[in-house]
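For reference, the structure discussed in these notes is given below.
In our numbering, the protein residues as written are 79 to 285.
As structure tokens, this is what we get:
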């Protein structure tokens, strides 16, 4: 009877160890699967527009007035009005900026427009900068190419690839520099995310 009892205990222990090992293997497979899914999403994704917790609201008439002021004869007034419209995320601001790139004769204004737009790392900003990259003014295209280098996004590389065909050597060179910069930043972003994934997560979380 004693030997039978010991045999049952031993068999039970072996079964428990096998079951536990099997559960651990299944858990490892699940973790690896989760990591694979997370790795697919390692590349940074830009928001469509800037995420502002608080955006001032102006009356429709005020917005109309600001839009008209973007065509003022005074360049400071034009710049100040479009900056405010951009901050307010006015729906017309992207079209106004595009028009200003086409109509402005002052290179300094175009440069400030690029700096303003490039501060927001969004898909909308990328679209606007892609238009600046086609501008007739060489310096504007160079500024746009340089600004795109600060976007950690594959979309930025796609836009800059077209600029590699620009007839001006300086524009092509700046575009190539920005492409290399973006690739390096994307790689650094991936490495950081992989490090985060490889770090063991705490079993208990204290709120």
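Positions of the beta carbon are idealized from the N, C-alpha and C atoms, including for glycine.
Exercise. From residue 269 to residue 263, what distance separates their C-alpha atoms?
Worked result: In a straight line, the C-alpha of residue 269 is about 10 Å away from that of residue 263.
Problem set entry | The alpha helix (DSSP H) enclosing residue 244, as first and last residue numbers | Where residue 244 is concerned, there is no enclosing alpha helix (DSSP H), given that its DSSP letter is neither H nor E.
For this session: Give the straight-line distance between the Cα atoms of residue 246 and residue 164, rounded to the nearest whole angstrom.
Result: C-alpha separation (whole angstroms): 31 Å.
Problem set entry | Rounded C-alpha distance that separates residue 141 from residue 168 | Computed Cα separation, rounded: 8 Å.
For this session: Name the two residues that bound the continuous alpha helix (DSSP H) containing residue 217.
Result: Start and end: 216-226.
Exercise. Just the Cα atoms here: how many angstroms apart are residue 208 and residue 237?
Worked result: About 6 Å.
Exercise. Does the distance from the CB of residue 161 to the CB of residue 202 come in under 8 Å?
Worked result: Going by C-beta atoms, residue 161 is not nearer than 8 Å to residue 202.
Problem set entry | Neighbourhood of residue 227 by C-beta, 7 Å cutoff - its chain only, sequence neighbours within 5 removed | Only 255, 256, 259 and 260 meet the Cβ criterion.
Problem set entry | For residue 153, the first and last residue of its enclosing alpha helix (DSSP H) | From DSSP, the alpha helix (DSSP H) with residue 153 extends over 153-165.
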